[in-house]
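Residue numbers (my numbering), protein chains in the order written: chain R, 205 to 866; chain X, 1130 to 1231.
No residue lacks a Cβ here, since even glycine has one placed at the ideal position from N, Cα and C.
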């Protein structure tokens, strides 16, 4: 079994190699070694997770393998690896050490697995790109940073990974740096997430000061020992952690960077801004869930932020016209779902949704990549009918799978099961949030509507302008990863079936050891008690039926609006009220304009003012008066002897007169 | 011999000084300005003589000798300078010579 650090070292080494010698290597070689490094990471992740699987599912493996694992106080299995001590300051010692528990294993497998598929896709998608080496350099470094974030044993190493992915995100959004708009989008992403990062750093420093340790396990234990539930310190730290998560996961109010981040190449959007990086906030909260449970108010805030974000972003997604911006708002909205699940104590449900979302959202982004690559168009209003073009039937088929999963079409898609798990979690005592459930149900309907709007406007209906022109086929390598992701989008759902549909809980059983301690202490996950098990089942079945009906309703509405009667929809859109609503929502509820008004413009005015050094003006006044005096005195030095003589005489006369009048 | 009153001597001396001063202020030719300077010196010398006679002291006449010697030296230097200026500027107009203005 290879040590865990090789998982990080492989992409890191490739990243460094490509940074140093990327220009001298051939394209095929670059793509091959980058993909190979990721495959290696994936295999290392799988072999290292094996003991965890063996523990969670005893039937799968022999008992000898389970012997070498360690266990936390709560009985959670984990594999740890101590590389070296990073630094020691006083009593605080920070190690470079990795810890792989079930939560990290799920993340790591998704990052490397989905990452590998996206790398394969990117190798073909970016083939015409001149900066091939630079692209894979950034991507490999991103994977290394993301794995560091997830595997980190202590908060400081986690923060290192957190900043690493931020930098890679910035570099990759601005990958086509020759267009200044892309650079601006990268800067925006970096600056907005930096607000969250600063909060996270404060949290890390305060934890180090207050608890004297940064090892996550030790922090959790010390926090539980020294802070009572609801104490101000726990609340403050949880708030700061939440702010960090909000920034990275593009939740309200820091959501504005993600739609603009679509300026990057499509594989970047799929890997960073859909599948992995933006879910770092979800991971952070799940990782430190004990701290959040110590601050019930903040945990409730997590759910509220998530619910609001899910709803707002879904509304905004409905009115976008850019093929990728729709998906970007959809990502924000889906992460909102995960936040709700975290906020009501459904940590496993949140991670399950992360799991399915990584697959179907990566699938959708890569499908969008195929469409834009072949059609050279990003505005979905000019598409339409692409399903019937001979170039894109495969893409249309897998995109349909992705859309169905995003919309949560019942029974066959993974999105249905993970969304259902979140909806059901909102009703689990003790953190029952019926209001949020209602909001999420509405959002689920909207999700289905905008998801199918996306699909129908691109692939169905009358052929648009973009479908008229010559469409070339995507490369084969741009289709195979999509098929794998589509298979995942369909099959992963069956890993976690609700009680009403067989009650098979592979994912939550796998994650259970991580959250079991907290669940026991706070009485989470006891299940809905409605008098009897049958009554609870009936309630869950009703909820599923409603969710399924909403998903189908959304699909039918989308079919009606965008396929059957597009003219009527267009009339609605140009009516004064329709146009006003559409414009506000297209601008993402005007968040950008609001921030421009409140923050950006005042800041710019201030910096313009400061550029002229107002403090210097005081000093300049002294210098100016001296200069003025100089000019006045120069006038007396006319260079004419007779003037001098006259002034001497005048002076003499004045002296004589003053003597006489004394 | 009737003594000339000291006041009269001083009035003449003051007139000489004033004539010299106005000459310097109003003339633009360096040569005439030098001449005016000599007139002023003579005014001062006359005042010394008058004062020496008034107090019956020899100092006044000694000073006049000094002033004459100094005036001779000054004229020698002044004329040399004027000659040099004329070579440089081809003119003796004092107002044209303002190369030292600030």
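Spatial distance of residue 634 of chain R from residue 225 of chain R (CA atoms): In the first chain, counting from the first residue as 1, residue 634 of chain R sits at position 430. In the first chain, counting from the first residue as 1, residue 225 of chain R sits at position 21. Looking at the two C-alpha atoms, the distance is approximately 56 Å.
C-alpha distance - residue 659 of chain R paired with residue 604 of chain R, whole-angstrom precision: The residue you call residue 659 of chain R lines up with position 455 of the first chain. The residue you call residue 604 of chain R lines up with position 400 of the first chain. About 7 Å.
Interface flag, residue 1223 of chain X vs chain A, CB-CB below 8 Å: No chain A appears in the structure shown, which is made up of the protein chains R and X.
Euclidean distance between Cα positions of residue 517 of chain R and residue 636 of chain R: As a position in the first chain, residue 517 of chain R is number 313, starting the count at 1. As a position in the first chain, residue 636 of chain R is number 432, starting the count at 1. In a straight line, the C-alpha of residue 517 of chain R is about 23 Å away from that of residue 636 of chain R.
Where residue 252 of chain R falls: helix, strand or coil (DSSP): Counting from one through the first chain, the residue named residue 252 of chain R turns up at place 48. Helix.
Contact check, residue 562 of chain R vs residue 318 of chain R, beta carbons under 8 Å: Locating residue 562 of chain R in the first chain gives position 358, counting from the first residue. Locating residue 318 of chain R in the first chain gives position 114, counting from the first residue. Their beta carbons are under 8 Å apart, which means residue 562 of chain R touches residue 318 of chain R by this criterion.
Cβ separation of residue 347 of chain R and residue 315 of chain R, assumed to be a contact under 8 Å, to the nearest whole Å: The sequence position of residue 347 of chain R within the first chain is 143, counting from 1. The sequence position of residue 315 of chain R within the first chain is 111, counting from 1. 7 Å between Cβ atoms; contact.
The alpha helix (DSSP H) enclosing residue 470 of chain R, as first and last residue numbers: Here residue 470 of chain R corresponds to residue number 266 of the first chain, with the count starting at 1. Residue 470 of chain R -> alpha helix (DSSP H) spans 470 to 474.
Local conformation of residue 386 of chain R per DSSP, three classes: In the first chain, residue 386 of chain R corresponds to position 182, counting from 1. If DSSP states are grouped into helix, strand and coil, residue 386 of chain R belongs with the helices.
Minimum C-alpha distance to residue 1138 of chain X - residue among X:1156, X:1175, X:1200: Here residue 1138 of chain X is taken as the residue at index 9 of the second chain, counted from 1. Residue 1138 of chain X has its Cα closest to that of X:1175, out of X:1156, X:1175, X:1200.
Among R:694, R:383, R:464, R:399, the one whose alpha carbon lies nearest that of residue 389 of chain R: As a position in the first chain, residue 389 of chain R is number 185, starting the count at 1. If we check each option's Cα against that of residue 389 of chain R, R:464 comes out closest.
For residue 700 of chain R: DSSP bridge partner residues: Here residue 700 of chain R corresponds to residue number 496 of the first chain, with the count starting at 1. R:709, per the DSSP bridge assignment.
Where residue 205 of chain R falls, given that 16 or more other Cβ within 10 Å makes a residue buried: Position 1 of the first chain, counted from the first residue, corresponds to residue 205 of chain R. Counting Cβ neighbours within 10 Å, residue 205 of chain R comes out exposed, since fewer than 16 surround it.
Anticipated Cβ contact below 8 Å, residue 259 of chain R with residue 720 of chain R, distance rounded: Numbered from 1 along the first chain, position 55 holds the residue referred to as residue 259 of chain R. Numbered from 1 along the first chain, position 516 holds the residue referred to as residue 720 of chain R. That belief does not hold up - the Cβ atoms of residue 259 of chain R and residue 720 of chain R are roughly 12 Å apart, past 8 Å.
DSSP bridge partner residues for residue 304 of chain R (one or two, in chain order): Start at 1 with the first residue of the first chain, and residue 304 of chain R comes out as number 100. Per DSSP, R:283.
For residue 293 of chain R, three-class secondary structure by DSSP: On the first chain, residue 293 of chain R is found 89 positions in, with the first residue counted as 1. Of the three classes helix, strand and coil, the one that applies to residue 293 of chain R here is strand, per DSSP.
Residue 856 of chain R to residue 1193 of chain X span [Cα, whole Å]: By 1-based counting over the first chain, the position of residue 856 of chain R is 652. By 1-based counting over the second chain, the position of residue 1193 of chain X is 64. The straight-line gap from Cα to Cα measures roughly 23 Å.
Which of helix, strand or coil DSSP assigns to residue 1225 of chain X: Position 96 of the second chain, counted from the start, is the residue given in the question as residue 1225 of chain X. Note: residue 1225 of chain X maps to helix in three-state DSSP.
Inter-residue spacing [alpha-carbon to alpha-carbon] between residue 863 of chain R and residue 1207 of chain X: For the purposes of this step, residue 863 of chain R is taken as the residue at position 659 of the first chain. For the purposes of this step, residue 1207 of chain X is taken as the residue at position 78 of the second chain. Rounded to whole angstroms, residue 863 of chain R to residue 1207 of chain X spans 33 Å at the Cα level.
Cβ of residue 388 of chain R within 8 Å of any chain X Cβ: As a first step, residue 388 of chain R is located in the first chain; it is residue number 184 there, counting from the start. Answer no: the Cβ-Cβ gap between residue 388 of chain R and chain X never drops below 8 Å.
First through last residue of the alpha helix (DSSP H) which encompasses residue 814 of chain R: Position 610 of the first chain, counting from 1, holds the residue named residue 814 of chain R. Here the alpha helix (DSSP H) through residue 814 of chain R covers 805 to 815.
Spatial distance of residue 618 of chain R from residue 380 of chain R (CA atoms): The residue you call residue 618 of chain R lines up with position 414 of the first chain. The residue you call residue 380 of chain R lines up with position 176 of the first chain. Roughly 35 Å between the two C-alpha positions.
Extent of the continuous alpha helix (DSSP H) run through residue 616 of chain R: The count along the first chain starts at 1 and reaches residue 616 of chain R at position 412. Segment: none, residue 616 of chain R is in no alpha helix (DSSP H) and carries neither H nor E.
Cβ separation of residue 502 of chain R and residue 443 of chain R, assumed to be a contact under 8 Å, to the nearest whole Å: Against the first chain, residue 502 of chain R aligns to sequence position 298. Against the first chain, residue 443 of chain R aligns to sequence position 239. Right, the Cβ-Cβ distance comes to about 5 Å (below 8 Å), so this counts as a contact.
8 Å Cβ cutoff, residue 1211 of chain X in contact with chain R: Taking the first residue of the second chain as position 1, residue 1211 of chain X is located at position 82. No, its Cβ sits nowhere closer than 8 Å to a Cβ of chain R.
Whether residue 307 of chain R touches residue 715 of chain R by CB criterion (8 Å): As a working note, residue 307 of chain R is residue 103 in the first chain. As a working note, residue 715 of chain R is residue 511 in the first chain. Cβ atoms of residue 307 of chain R and residue 715 of chain R: closer than 8 Å.
Classification of residue 934 of chain R by the beta-carbon crowding that lies within 10 angstroms, buried from 16 upward: Summary: the structure shown does not reach residue 934 of chain R, with chain R confined to residues 205 through 866, and so no result is reported for it.
Three-state class that DSSP yields for residue 298 of chain R in the structure shown: Looking up residue 298 of chain R in the first chain gives position 94. Here residue 298 of chain R sits in strand by DSSP.
Cβ of residue 1148 of chain X within 8 Å of any chain R Cβ: As a position in the second chain, residue 1148 of chain X is number 19, starting the count at 1. Cβ-Cβ to chain R under 8 Å: no for residue 1148 of chain X.
Given 8 Å, three or more beta-carbon pairs between the segment 503 to 517 of chain R and the segment 534 to 545 of chain R: yes
Closer than 8 Å to chain R by CB, residue 1227 of chain X: For the purposes of this step, residue 1227 of chain X is identified with residue 98 of the second chain, where counting begins at 1. Judged by the 8 Å Cβ criterion, residue 1227 of chain X is in contact with chain R.
Exposure label - residue 867 of chain R; buried when at least 16 CB within 10 Å: Outside the displayed span of chain R (205 to 866) sits residue 867 of chain R, for which this structure offers no information.
Interfacial residues, the segment 832 to 857 of chain R to chain X, with Cβ spacing under 7 Å: 838, 841, 842, 843, 844, 845, 846, 849, 850, 853
Partner residues on chain R for residue 1153 of chain X, Cβ-Cβ distance less than 8 Å: Within the second chain, the letter at position 24 stands for residue 1153 of chain X. Going along chain R in sequence order, the residues near residue 1153 of chain X (Cβ under 8 Å) are 846, 849.
Cα-Cα separation, residue 666 of chain R to residue 758 of chain R: The residue given as residue 666 of chain R occupies position 462 in the first chain. The residue given as residue 758 of chain R occupies position 554 in the first chain. Rounded to the nearest angstrom, the two C-alpha atoms are 21 Å apart.
Heavy atom of the ligand HEM within 7 Å of residue 437 of chain R beta-carbon: This structure lacks the ligand HEM, and indeed carries no ligand of any kind.
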